[in-house]
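Counting in this note's numbering, the sequence shown runs from 7 upward without gaps.
The C-beta atom is built at its ideal place from N, Cα and C for all residues, glycine as well.
Nothing here was measured: the structure is a model prediction, and the numbers come from that model.
These notes are about the structure you will find just below.
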Amino acid sequence: MTSVIGVHVAAFFLMTVIIMPCNSGLHLGKCTGRDISITQGKGSNTGIPEYIVEIINTCLSNNCPPSNIHLHCGLFASARLVAPQLFKRLSNDDCLVNGGKPLKAGKCTGRDISITQGKGSNTGIPEYIVEIINTCLSNNCPPSNIHLHCGLFASARLVAPQLFKRLSNDDCLVNGGKPLKAGQVIRFSYSNTFKYPISFKSATFC
């Protein structure tokens, strides 16, 4: 079962978490309710408004992943069917996540790819320094085949293609497509008269 539970609903609800702790004694660094991240965002605005919910276990320990996860959810209902094995209202203000099964530590997502740009040397053609970091704490399956939006990226100064290479319009490949491990930093500089907007496009995740 995936460690990220994503559902589409047709109404916005405030959700908070209640979990059942491990009952097999004391576990160092065991997961708690604070490790269950719940986010809601707007989806389609066509017809009935749609909301996208993600429930992620951010706990680093898989010795005892939380199970029987219940959320406060009011009188949750959706005009569009939500798969009950992912999210199901049992009673007033009580929704069950993942069918009550353990929710393993969250996998990496595009949000874990941090991209920053800063000014470098101002001598001659302006220089910009780019850092691309995998901030995901899990190394079970680091993201690979990372592509970024990069416009018509070009540089008067050679950028090592094994670090960053434009494949086509608005498509640049990071690290030669190889996995970017947790905490790994790809750093390079480029020279151009203006700064290119660079942002996450896609990657392969487990």
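One or two residues paired with residue i in a DSSP bridge
| i | result |
| --- | --- |
| Lys48 | Tyr57 |
| Asp177 | Ser174 |
CB of residue i within 9 angstroms of CB of residue j, strictly
| i | j | result |
| --- | --- | --- |
| Cys178 | Pro148 | no |
| Ile131 | Ser197 | yes |
| Phe170 | Ile192 | yes |
| Gly96 | Ile44 | This sequence places Leu at residue 96; Gly is not what is there. No, Cβ-Cβ distance for Leu96 and Ile44 is not below 9 angstroms. |
| Ser208 | Gly116 | yes |
Contacting residues, own chain, Cβ-Cβ under 8 angstroms from residue i (five flanking each side not counted)
| i | result |
| --- | --- |
| Asp118 | Asn140, Thr141, Cys142 and Pro149 |
Closest by C-alpha distance to residue i, when choosing among the options
| i | options | result |
| --- | --- | --- |
| Ser120 | Leu92, Ser127, Pro132 and Leu154 | Leu154 |
| Tyr134 | Val165, Thr52 and Pro185 | Val165 |
| Pro203 | Leu173, Pro185 and Cys156 | Cys156 |
| Lys187 | Asp176, Lys110, Asn151 and Val136 | Asn151 |
| Gly47 | Asp41, Tyr57 and Lys201 | Tyr57 |
| Asn136 | Ser127, Leu92 and Thr122 | For the record, residue 136 in the displayed sequence is Val; it is not Asn. Taking only the C-alpha atoms, the option nearest Val136 is Thr122. |
Rounded straight-line distance, which links the Cα of residue j to that of residue i
| i | j | result |
| --- | --- | --- |
| Phe211 | Cys101 | 28 angstroms |
| Cys79 | Pro71 | 22 angstroms |
| Asp99 | Asn74 | 15 angstroms |
| Cys37 | Gly189 | 22 angstroms |
| Ile54 | Phe82 | 15 angstroms |
| Gly183 | Ile138 | 13 angstroms |
| Ala85 | Gly106 | 23 angstroms |
| Thr213 | Asp41 | In the structure as shown, the chain begins at 7 and stops at 212. Residue 213 is therefore absent and cannot be evaluated. |
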